Every structure is written in C-alpha cells, then in structure tokens.
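Notes for the one structure printed next.
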Amino acid sequence: MRLVIFAYSRQGCETALRVKGALRAPADECRCYASEKYAGGEFEPILSPCSRFTGPLFAWADALVFVGAVGIAVRSIAPYVRDKRTDPAVLGVDELGKFVIPLLSGHIGGANALAEQLAGALGAIPVVTTATDINGRFSVDAWAARQGLAITNMHAAKEVSAAILERNVPLCCDFPIAGELPPGTEPGELGDVGICISWRKRKPFAETLLLVPPVLHLGLGCRRGAPVERIRQAVEQVMTGHKIHPKAVKCAASIDLKRDEEGLLAYCAERGWPVSFYSADQLAALEGDFTPSERVLRVTGVDNVCERAAMVGADRLVVRKTANNGVTVALAEERWEARFPG
Numbered sequence: 045m046r047l048v049i050f051a052y053s054r055q056g057c058e059t060a061l062r063v064k065g066a067l068r069a070p071a072d073e074c075r076c077y078a079s080e081k082y083a084g085g086e087f088e089p090i091l092s093p094c095s096r097f098t099g100p101l102f103a104w105a106d107a108l109v110f111v112g113a114v115g116i117a118v119r120s121i122a123p124y125v126r127d128k129r130t131d132p133a134v135l136g137v138d139e140l141g142k143f144v145i146p147l148l149s150g151h152i153g154g155a156n157a158l159a160e161q162l163a164g165a166l167g168a169i170p171v172v173t174t175a176t177d178i179n180g181r182f183s184v185d186a187w188a189a190r191q192g193l194a195i196t197n198m199h200a201a202k203e204v205s206a207a208i209l210e211r212n213v214p215l216c217c218d219f220p221i222a223g224e225l226p227p228g229t230e231p232g233e234l235g236d237v238g239i240c241i242s243w244r245k246r247k248p249f250a251e252t253l254l255l256v257p258p259v260l261h262l263g264l265g266c267r268r269g270a271p272v273e274r275i276r277q278a279v280e281q282v283m284t285g286h287k288i289h290p291k292a293v294k295c296a297a298s299i300d301l302k303r304d305e306e307g308l309l310a311y312c313a314e315r316g317w318p319v320s321f322y323s324a325d326q327l328a329a330l331e332g333d334f335t336p337s338e339r340v341l342r343v344t345g346v347d348n349v350c351e352r353a354a355m356v357g358a359d360r361l362v363v364r365k366t367a368n369n370g371v372t373v374a375l376a377e378e379r380w381e382a383r384f385p386g
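In my numbering, the protein residues as written are 45 to 386.
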C-alpha cells in the first residue's frame, strides 16, 4: 500500500508516527509530511499552497491520512476528487489519535476498512458514516473491491446500495458460493434491481449490477506477421459470440515461437492483459482433451497452441479453438468461488 501521512503540529507528528507504525507500509511506499515548522527527521516539509502540493501525492497514493482538522484534508484534496473507482482512500485523524474518520473512497478504496484497522491499533473510535455499514447491510462495492471483481456499472451499484437499505435484493451467481449470503441479499434472478456475478455479459434484472471476476485465460495462436487488427477481430468475435465481458480476462498466453509477434503483443498491451509464452514441451505436457492439428504439430512441435496455452494455470476450457483468418483463440477458466463474508 502506497501511503501518505500529513501532520500540522508537534502533537500531530507524534500521532502520525503512530499511524505509520500501525499501518506498517514499506519504507519505500510511505511518505510523511509536516508543516515546515515541524519538518525534519522522517517528515518532509509541506510546500505551499497545500492543495497544489497534494495533487501529485493524491495521484500516487493508495491512501492518504491527514492528522489534523478534517477541513484541511477536504480543502487539500478537493481539486483532485474524480471517481470512487479510482480515487485513493482518504482518512482524517485528530492530532490526539482519538478518532479515525474515513472521508473518501470508503468502500472501493478501502477507507472504511482502513479506518477500522487504524482505530484498533491506536485505541481510537472509527467514525464510519456510510449507510450500509451503519445499518449492518451488505456493502456490495466494498465486497467487490476486496474480492477483486470489476464493478461494471456504478449507477447500478448506487441503485443496489439504495435498495438494500429498504429490502433484500436478489443475487445470482454463476460460481459456487462459500458461506451464507450477506444481510440485504437473497437468491434470485428476477426483479427491478439485483446483483449478478458472472464472467458473461448478463442482465437478469431491469437494473443489473454485474460483478465480473478476472478468471479467464486467453490462449492465442497466429500465423507469422498477423497484424493487430486481425488479432483484435478474431478475439472480439469470440468474446461477442460467447457474451464474455472483457474484464473477465485475467491474462493471455501463447507458444514461445510467438514471443516477438508485434500484432499479438500490441493487442494484449492495448487491452492491458499480461501475456506469457510457453515452450512446445511445456504445452505438450498439459493433460486434457485438446483439439489436435497435424499442421500445427509440424510447425510448432505441439498439436494445439491456443487451447493448451489457455489451460496453463486454469481448470477448464470454456471456449475451444476458434479459427479466424489465421488467428486461433481459446479461453479457459480458473476455479473461483464467491466468499461471504469476504
């Protein structure tokens, strides 16, 4: 966790050091700042104007802790607040360390959980104000963030959170569920608003909050020199045909003969998918039912590239080899379960 701590008084600096110790951020990922009068030692000076000084730190950090008046924190971050999906967690702590207040990104950014952790370490009171938390209802966006799921529609997330305060909201899941469904939810696939956990583009409810776990491995094969446009077309045709949400793809893979294929590399970079390459021997060693090709065996030394590459680190094929204009595509799924609480 990249952490920034601000302090504005001598007592505040003492509390800031307690905060640093409690959160145990690595030395190279923790930056401490104090008003120029109190800077020195572990504290670099806060330069004026404070709000402009805060900007680059707001962009860098996973969490910012302001030890001092909440108003200072609000004025410092105000110009940079954009989106709860990307804004860092921001917390306020009074200089005596009696109260810890999550101010921004309580759920997705983890500020509420961080406040609870920090308050426990300091012997302070966490002042959590988000409605689902104080009413003991399911905070779907916080849960999704902890589980590493993509929240595909923030408007739907707001609708679900509002509905959950009034009644139980239906939840459907394409994966095994570990534990009891959380308060505010019930099994179901019908209703005006609901939660769906799937790697497919599903919309069972009038207002569907689709949560997508990154569990798919994309296996690729291509002829030498296949351009990025051809690879993009082949992959997206498969994704569309099988209603696969792109956020479900965790990584891509191919044979090491394709390590220098510019089109393949460019497409994976465009999508933000890490890509790995495996030798023919590594791919051939995988057990399973794969679609064989004599031509592929002669050229690469293994009977199938895309299906075998997709299965490295995965558990089952969900899309078998699909060929399109010299590009082959397959997808495999990791084993995953929805854990409550989590």
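From the three backbone atoms N, C-alpha and C, an ideal C-beta is built for every residue, glycine too. In this text the structure is predicted, and so the values were computed from the model without any measurement.
Kindly list the residues whose CB is nearer than 6 angstroms to the CB of residue i, restricted to its own chain and excluding five residues on each side of it in sequence; keep chain order.
{"i": "K287", "result": "R244, K245"}
{"i": "A37", "result": "The question about residue 37 has no answer here: the residues shown for the chain are numbered 45 through 386."}
{"i": "L254", "result": "T196, C240"}
{"i": "V417", "result": "Examination of residue 417 is not possible in this model, given that the chain is present from 45 through 386 alone."}
{"i": "E88", "result": "Y77"}
{"i": "R211", "result": "none"}
{"i": "R75", "result": "V48"}
{"i": "E312", "result": "Here residue 312 is Cys; the residue named in the question, Glu, does not match the sequence. If we look at C312 and ignore the five residues flanking it on each side, its Cβ neighbours are A296, V319."}
{"i": "L101", "result": "V48"}
{"i": "T59", "result": "V111, E139, G141"}
{"i": "D106", "result": "M45, R46, P132"}
{"i": "G99", "result": "Y124"}
{"i": "A382", "result": "C217, F219, I221, I241"}
{"i": "E388", "result": "The shown model of the chain, from 45 to 386, leaves out residue 388, and the question about it has no answer."}
{"i": "H151", "result": "S183, D185, A186"}
{"i": "E73", "result": "R46"}
Quick one: what's residue i bridged to in DSSP?
{"i": "V362", "result": "DSSP output for V362 lists no bridge partner at all."}
{"i": "A165", "result": "Answer is none; A165 lacks a bridge partner."}
{"i": "C76", "result": "I49"}
{"i": "P231", "result": "L215"}
{"i": "S320", "result": "A297"}
{"i": "I241", "result": "C217, L255"}
{"i": "A382", "result": "I221"}
{"i": "A280", "result": "What sits at residue 280 in the sequence shown is Glu, not Ala. E280 pairs with nothing; no bridge assigned."}
{"i": "N368", "result": "V371"}
{"i": "L260", "result": "V293, E377"}
{"i": "C266", "result": "V371"}
{"i": "I288", "result": "R244"}
Near residue i, which residues of its chain fall below 7 angstroms by C-beta distance, leaving aside the five closest residues on each side in sequence?
{"i": "D131", "result": "V125, L148, S149, G153"}
{"i": "R190", "result": "G386"}
{"i": "A358", "result": "H261, A376, E377, E378"}
{"i": "L91", "result": "F97"}
{"i": "L259", "result": "Reading off the sequence shown, one finds Val at residue 259, where the question assumed Leu. Excluding positions up to five away in sequence, the list reads W243, A292, K294, E377, E378, W380."}
{"i": "E351", "result": "G263, F334, T335, L361, R364, K365, A374"}
{"i": "V272", "result": "G307, A310, Y311"}
{"i": "V134", "result": "L108, A117, I121, L147, L148, S149, A155"}
{"i": "A188", "result": "I195, L255"}
Could you check if residue i is buried or exposed, using at least 16 other CB atoms within 10 Å of its CB as the buried criterion?
{"i": "G294", "result": "Residue 294 is actually Lys in this sequence, not Gly. Buried, because 16 or more other Cβ atoms sit within 10 Å of the Cβ of K294."}
{"i": "K6", "result": "This structure cannot settle anything about residue 6, because the visible part of the chain is limited to 45 through 386."}
{"i": "P257", "result": "buried"}
{"i": "A207", "result": "buried"}
{"i": "I169", "result": "exposed"}
{"i": "K247", "result": "exposed"}
{"i": "I178", "result": "exposed"}
{"i": "W104", "result": "exposed"}
{"i": "T173", "result": "exposed"}
{"i": "R181", "result": "buried"}
{"i": "E338", "result": "exposed"}
{"i": "P214", "result": "buried"}
{"i": "D185", "result": "buried"}
{"i": "E203", "result": "buried"}
{"i": "G228", "result": "buried"}
{"i": "H289", "result": "buried"}
{"i": "T176", "result": "buried"}
{"i": "T284", "result": "exposed"}
{"i": "A35", "result": "Only positions 45 to 386 of the chain appear in this structure, which leaves residue 35 out of reach."}
If I measure Cβ to Cβ from residue i and keep anything under 8 angstroms in the same chain, skipping five residues before and after, which residues do I get?
{"i": "A69", "result": "M45, R46, L47"}
{"i": "V114", "result": "G136, I145, L147"}
{"i": "R303", "result": "F321"}
{"i": "A66", "result": "Q161, L162, A165, L166"}
{"i": "L341", "result": "D347"}
{"i": "G235", "result": "V213, P214, F249, A250"}
{"i": "P231", "result": "P214, L215, C216, L225"}
Does the beta-carbon of residue i, which I'm using as the reference point, lie nearer than 7 angstroms to any heavy atom of the ligand GTP?
{"i": "R268", "result": "Questions concerning the ligand GTP fall outside what the structure shown contains, since it holds no ligand whatsoever."}
Uninterrupted alpha helix (DSSP H) stretches inside the segment 135 to 222 (no shorter than 4 residues): 155 to 166, 175 to 178, 184 to 191, 198 to 208
- prompt: Counting only runs that start and end within the segment 78 to 135, where is the beta strand (DSSP E) found for 3 or more residues in a row?
  reply: 107 to 111
message: So, does the segment 155 to 162 touch the segment 76 to 87, judging by three or more C-beta pairs under 8 angstroms?
response: no
query: Between the segment 335 to 350 and the segment 298 to 311, do three or more beta carbon pairs fall short of 8 angstroms?
result: yes
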